[in-house]
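Heads up: the structure comes next, in structure tokens.
There are 2 protein chains.
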Amino acid sequence: MNLAIERVRLTPVLVADPPLLNTQGVHQPYTPRLIVEVVTADGITGVGETYGDTKYLELARPLARKVTGRRVSDLNGLFRDADEVAVDASRVVGQADVGGLRGVQTAGKLRLSVVSAFEVACLDALGKALGLPVHALLGGKVRDAVEYSAYLFYKWAGHPAGVPSEPDDWGAALDPAGVVEQARKLAGRYGFTSFKLKGGVFPPEEEIAAVRALAGAFPGRPMRLDPNGAWSVETSLRVAEELGDVLEYLEDPALGTPAMAEIAARTGVPLATNMCVTTFAEIPEAFTRGAVQVVLSDHHYWGGLRNTQHLAAVCRAFGVGVSMHSNTHLGISLAAMTHVAATVPDLHHACDSHYPWQSEDVLTERLVFEGGRVAVPDAPGLGVELDRDRLAFLHRRWLDDDGALRDRDDAAAMRAADPAWVTPSVPRW
Amino acid sequence: MNLAIERVRLTPVLVADPPLLNTQGVHQPYTPRLIVEVVTADGITGVGETYGDTKYLELARPLARKVTGRRVSDLNGLFRDADEVAVDASRVVGQADVGGLRGVQTAGKLRLSVVSAFEVACLDALGKALGLPVHALLGGKVRDAVEYSAYLFYKWAGHPAGVPSEPDDWGAALDPAGVVEQARKLAGRYGFTSFKLKGGVFPPEEEIAAVRALAGAFPGRPMRLDPNGAWSVETSLRVAEELGDVLEYLEDPALGTPAMAEIAARTGVPLATNMCVTTFAEIPEAFTRGAVQVVLSDHHYWGGLRNTQHLAAVCRAFGVGVSMHSNTHLGISLAAMTHVAATVPDLHHACDSHYPWQSEDVLTERLVFEGGRVAVPDAPGLGVELDRDRLAFLHRRWLDDDGALRDRDDAAAMRAADPAWVTPSVPRW
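What follows is the structure, given as structure tokens:
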């Protein structure tokens with residue numbers, strides 16, 4: 001058995017994304033993702049996936065050269081290789097991107113976001129080589145299915161006229177009735193029983209009304225609202241008070257640990273985050289100050305599946321809950337999320353996933369939500385298979401793009417509809 | 430490949446231990462250890478080792494029954510099984526043992542101490558089944574050898590006359606000259622280049638003199654002093670001041686997080702611990718208060734090799750160093766320590782090990798220190814092999830014991846020499 005990495009294939013793709021609204025703008029009609037394949041000397045291929053913006057791709061290329069020759073079991077070595085890859089500082093901050101939705105930007109976090117896809121690909125290859133599912137390489141599943149929440153968005157019926165895009169059948173959701181209708185569709189198709197609304201789009205009163213309508217339509221079900229830090233402390237407290245009886249948690253109501261700590265001190269509604277705690281370095285202040293009660297891990301920027309387990313261990317030690325964040329992603333990452341989530345004992349909140357919004361994938365078979373859950377694959381590796389024709393098709397779209405879509409820019413996408421749009425300063429309300 | 434556990438063998442043993450002194454008394458001539466073997470349906474045997482006192486054995490027996498049928502890859506499942514095994518509360522606190530040297534006693538910690546041996550045995554079996562060393566199952570080694578420190582003890586030449594024991598050739602060490610001579614022997618035989626003295630035995634001035642003598646004999650080498658919490662805050666600060674120029678760290682000078690925090694706030698000498706932070710639950714207060722700068726993990730009571738990695742991740746997040754504690758142990762645990770230590774990126778202090786003091790082992794070949802380091806085994810599993818004749822011999826000693834030695838009791842051992850001995854109250858100085 002030769003576990004050495006013989007070559008790495010990097011395939012940037014553009015995948016269709018519906019016009020989902022957030023406080024910074026709207027999803028572009030196509031969003032970049034990067035597919036990483038490692039091929040062992042024995043010809044076994046493992047797959048991983050991460051953010052596909054140019055800065056990630058630029059880092060993935062030298063890393064791909066560097067890891068060649070390593071064994072796919074040498075996961076710690078990947079991180080050492082990544083540490084040695086230079087990051088162009090100008091790429092870390094300042095350029096147009098939605099980094100703001102993913103918290104602080106640092107060279108280290110950028111490296112982790114890239115190496116995570118290599119780690120997942122190596123785990124997939126290792127599992128295939130050994131005949132073990134990825135969860136077994138992570139200590140074994142403690143549950144047979146992982147629960148996800150319905151990820152609700154304010155949404156236009158379609159992208160602006162004249163903008164090339166793929167149609168979707170979800171319709172518009174721009175008011176409480178539209179949000180409830182969307183929730184019913186998502187629950188009907190996938191069986192979700194908890195609901196998260198991406199907020200920060202409309203004035204808080206409208207979003208409170210939407211969550212209230214959801215709570216009425218799905219009585220007793222856990223509700224979440226996530227304005228991506230768009231609110232002031234006082235606004236956050238007002239929303240917490242008005243929705244306290246139906247909220248499982250409030251997610252990133254305001255930006256930064258000091259604001260979150262102040263809100264947490266003044267409300268009994270738990271606060272979740274994927275913005276103020278997004279790196280291990282941000283943990284001490286936030287946990288010491290009690291600023292967050294649930295950390296939403298994104299295995300991409302936390303640095304992979306084992307780091308996600310480490311994060312869960314830190315959270316457990318401090319009595320902080322853990323669940324999972326999601327940006328637009330494909331089935332490879334959903335499988336990775338499902339494997340690692342299956343191994344985390346203290347996962348007491350349904351994970352987020354954009355997957356239902358992605359009509360396109362690079363797999364031969366899509367992962368399936370049943371009763372809001374994804375069954376933990378027991379096949380070797382991640383238990384997914386690349387569809388090379390689909391991969392080539394989505395890569396062709398990336399190749400044909402003139403560069404406008406290769407870096408996700410929700411504000412630019414919004415300007416296609418509203419030329420005067422500028423990213424709102426925060427707190428917006 | 431059938432990875433299911435078909436049976437578990439538990440073999441308590443008594444192994445020779447020299448008359449090493451500490452603040453609670455002296456090591457008994459024989460100390461109990463428990464050898465855990467898991468045998469898979471394919472006939473592959475994995476080995477683990479932990480504390481062998483009766484209360485550990487009593488917990489291991491029902492756990493052995495419970496884990497039968499689990500796959501050796503299902504490490505998380507072991508912990509769930511352990512959680513379901515009832516712990517006799519009277520066993521947790523109050524009975525004569527040296528728990529005080531291992532920090533707080535709780536049912537959870539007792540469970541972890543036992544399950545850790547099962548985890549190591551499962552990793553050993555899994556590695557053998559897959560053809561991978563244990564470190565590869567833990568993410569891969571980041572170093573080829575693990576550094577250990579010379580673990581110096583005040584020591585009698587032999588156990589008290591009339592007490593059955595095995596002779597040793599280390600001689601007595603009861604003053605600075607004796608300690609230096611012991612250090613020269615340990616360094617000469619094993620190549621150690623850092624030195625830890627177990628203190629709390631003599632008044633601080635004598636121990637200060639011993640460390641000073643060591644520093645003179647080994648100029649520039651890192652020194653450590655560990656009185657197992659025998660000192661007051663003021664005494665600790667005085668020692669720190671007098672030895673600050675030669676100490677790598679001071680280990681558990683005083684008992685409890687508040688005292689450690691006060692010392693840490695008033696000295697620049699780093700504080701290490703295996704007593705005030707011995708469980709994840711103890712981390713928040715200690716880290717928040719800056720009470721410790723280095724946590725010495727004992728994979729037995731932290732709950733195994735993966736928990737040790739989790740601990741290292743918590744420490745890294747909080748800028749706290751990590752290294753390894755040691756109680757009397759055999760080669761199985763030294764191999765386990767070496768595998769996991771090899772995977773921890775931020776291991777910046779040599780680990781402790783009693784192994785040089787153990788003339789007896791249960792392996793066909795002893796592990797070797799060269800230049801103070803143990804080479805990380807690359808053979809499948811832990812890379813060690815049980816010597817069944819030796820195991821049977823040491824088990825026979827346990828069977829033949831009337832119970833007096835089956836529970837480590839350093840105070841009882843001391844009373845063999847000094848019938849008036851009572852465990853000193855702390856702070857002793």
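Chains as they are written, first to last, in the working numbering: chain A, 1 to 429; chain B, 430 to 858.
We put the CB at the ideal spot given by N, CA and C, even for glycine.
Residue i burial status per 10 Å Cβ neighbour count (16 or more: buried)
i, result
"residue 27 (chain A)", "buried"
"residue 348 (chain A)", "exposed"
"residue 443 (chain B)", "buried"
"residue 46 (chain A)", "buried"
"residue 267 (chain A)", "buried"
"residue 136 (chain A)", "buried"
"residue 195 (chain A)", "buried"
"residue 422 (chain A)", "exposed"
"residue 632 (chain B)", "exposed"
"residue 833 (chain B)", "exposed"
"residue 399 (chain A)", "exposed"
"residue 7 (chain A)", "exposed"
"residue 23 (chain A)", "buried"
"residue 677 (chain B)", "buried"
"residue 494 (chain B)", "exposed"
"residue 328 (chain A)", "buried"
"residue 380 (chain A)", "buried"
"residue 430 (chain A)", "Look at the range of chain A in this structure, 1 to 429, and you will see that residue 430 (chain A) is not part of it."
"residue 469 (chain B)", "buried"
Spatial distance of residue i from residue j (CA atoms)
i, j, result
"residue 367 (chain A)", "residue 188 (chain A)", "17 Å"
"residue 505 (chain B)", "residue 141 (chain A)", "7 Å"
"residue 208 (chain A)", "residue 49 (chain A)", "35 Å"
"residue 61 (chain A)", "residue 445 (chain B)", "57 Å"
"residue 824 (chain B)", "residue 481 (chain B)", "11 Å"
"residue 449 (chain B)", "residue 459 (chain B)", "12 Å"
"residue 119 (chain A)", "residue 210 (chain A)", "39 Å"
"residue 661 (chain B)", "residue 275 (chain A)", "44 Å"
"residue 525 (chain B)", "residue 488 (chain B)", "In this prediction, residue 525 (chain B) scores a pLDDT of 41, lower than 50, which makes its location untrustworthy; the coordinate-derived value is nonetheless stated afterwards. Rounded to whole angstroms, residue 525 (chain B) to residue 488 (chain B) spans 17 Å at the Cα level."
"residue 139 (chain A)", "residue 502 (chain B)", "6 Å"
"residue 260 (chain A)", "residue 683 (chain B)", "36 Å"
"residue 222 (chain A)", "residue 191 (chain A)", "14 Å"
"residue 441 (chain B)", "residue 434 (chain B)", "20 Å"
"residue 430 (chain B)", "residue 70 (chain A)", "26 Å"
"residue 57 (chain A)", "residue 388 (chain A)", "20 Å"
"residue 528 (chain B)", "residue 345 (chain A)", "Confidence at residue 528 (chain B) is low in this model, with a pLDDT of 49, below 50, so its placement is unreliable and the value that follows should be read with caution. About 28 Å."
"residue 520 (chain B)", "residue 484 (chain B)", "6 Å"
"residue 170 (chain A)", "residue 279 (chain A)", "34 Å"
"residue 855 (chain B)", "residue 656 (chain B)", "11 Å"
"residue 837 (chain B)", "residue 844 (chain B)", "13 Å"
"residue 561 (chain B)", "residue 105 (chain A)", "37 Å"
For residue i, the first and last residue of its enclosing alpha helix (DSSP H)
i, result
"residue 624 (chain B)", "It is not in any alpha helix (DSSP H) - residue 624 (chain B) instead sits in the beta strand (DSSP E) that spans 624-627."
"residue 548 (chain B)", "536-559"
Limits of the beta strand (DSSP E) - the one that residue i falls within
i, result
"residue 150 (chain A)", "150-153"
"residue 685 (chain B)", "Counting along the chain, residue 685 (chain B) falls outside any beta strand (DSSP E), and DSSP gives it neither H nor E."
"residue 655 (chain B)", "652-655"
"residue 35 (chain A)", "30-40"
"residue 480 (chain B)", "474-480"
"residue 324 (chain A)", "321-324"
"residue 11 (chain A)", "5-16"
"residue 273 (chain A)", "271-273"
Chain A contacts made by the segment 637-657 of chain B, where a contact means CB separation under 9 Å: Residues passing the 9 Å Cβ filter: none.
Proximal residues, the segment 74-95 of chain A versus chain B, C-beta separation under 9 Å: Cβ contacts with chain B come from 74, 75, 76, 77, 78, 79 and 80.
The segment 686-700 of chain B contacting the segment 728-736 of chain B, beta-carbon criterion three pairs below 8 Å: By the criterion of at least three beta-carbon pairs nearer than 8 Å, the segment 686-700 of chain B is not in contact with the segment 728-736 of chain B.
Where the segment 538-572 of chain B meets chain A: residues whose CB sits under 7 Å from a CB there: Under the 7 Å Cβ criterion, the segment 538-572 of chain B contributes 559, 560, 561, 565, 568, 569 and 571.
Inter-stretch contact at 8 Å, needing at least 3 Cβ pairs: the segment 160-171 of chain A / the segment 336-352 of chain A: The segment 336-352 of chain A and the segment 160-171 of chain A do not touch, with fewer than three beta-carbon pairs separated by less than 8 Å.
Given 8 Å, three or more beta-carbon pairs between the segment 321-338 of chain A and the segment 349-359 of chain A: The segment 321-338 of chain A vs the segment 349-359 of chain A: in contact.
Three-pair Cβ contact test at 8 Å for the segment 244-251 of chain A versus the segment 110-126 of chain A: Too few Cβ pairs lie closer than 8 Å, so no.
Contact residues within the segment 267-288 of chain A, judged by C-beta distance below 8 Å to chain B: Here the close residues are 280, 281, 283, 284, 287 and 288.
Positions along the segment 756-779 of chain B whose CB lies within less than 7 Å of some CB in chain A: Identification of residues in the segment 756-779 of chain B having a C-beta nearer than 7 Å to some C-beta of chain A yields 772 and 774, given in sequence order.
Selection of the segment 734-759 of chain B by Cβ proximity to chain A, strictly under 9 Å: Of all residues in the segment 734-759 of chain B, only 735, 736, 738, 739, 740, 741, 742, 743, 745, 746, 747 and 748 place a beta-carbon less than 9 Å from a beta-carbon of chain A.
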